[in-house]
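In the numbering used here, the protein residues as written are 516 to 648. In this text, a Cβ means the ideal position worked out from N, Cα and C, and glycines have one as well. Predicted model only: the values in this text are computed from it and were never measured.
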Ligand SMILES: [Zn+2]
């Protein structure tokens, strides 16, 4: 799989991930990798991180979470209320995939599906964004 993305400064938040080429709908773009931790440890870390506006704990399944803060560029993909991507979990791996045809230069985003809905600030600027994720 060729790398189709590049990390850059985001208008949404900090650094983000952008399409470097045109990416067709449903393409697997990048794995959300990191440290595999128990749900209990993941929840503990999430509660600490989310207070600082960081969302790196990804629910893998009922037993395990992935802490992306120890992982690759997948963790830099920002949340959007109208995302360009979605995630899928296959054979114990989390993949970020294109939700639609994405043009070169567009920011890659997905819906974080945070547990505590509408309690964290959102700056995605999508038309349907209520300012909270
Ligand atoms: Zn938003």
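Just to check, is the beta-carbon of residue 612 closer than 6 Å to a non-hydrogen atom of ligand 1? No, since every heavy atom of ligand 1 falls outside the 6 Å radius drawn around the Cβ of residue 612.
Using DSSP with H/G/I as helix, E/B as strand and the rest coil, what is residue 561? DSSP, reduced to helix, strand and coil, places residue 561 within a helical segment of the structure shown.
Cα-Cα separation between residue 574 and residue 566, rounded to whole angstroms: Rounded to the nearest whole angstrom, the C-alpha separation of residue 574 and residue 566 is 18 Å.
Reducing DSSP to helix, strand and coil, say where residue 534 ends up. Strand at residue 534.
If you scan the segment 546-604 from start to end, which runs of the alpha helix (DSSP H) of 4 or more residues do you find wholly inside it? Whole alpha helix (DSSP H) segments, 4+ residues: 554-566.
Does any heavy atom of ligand 1 sit closer than 6 Å to the C-beta of residue 600? For ligand 1, not one heavy atom lies less than 6 Å from the Cβ of residue 600.
Reduced DSSP secondary structure (H/G/I, E/B, other) of residue 627: In this structure, DSSP gives residue 627 a state outside helix and strand, which the three-state scheme calls coil.
Do you know how far the Cα of residue 538 is from the Cα of residue 598? Residue 598 and residue 538: Cα-Cα distance of roughly 14 Å.
Can you tell me whether DSSP reads residue 523 as helix, strand or coil? DSSP places residue 523 in strand when its eight states are reduced to three.
Neighbour-count burial assignment, residue 585, 16 or more Cβ in a 10 Å radius: By the 10 Å Cβ count, residue 585 comes out exposed.
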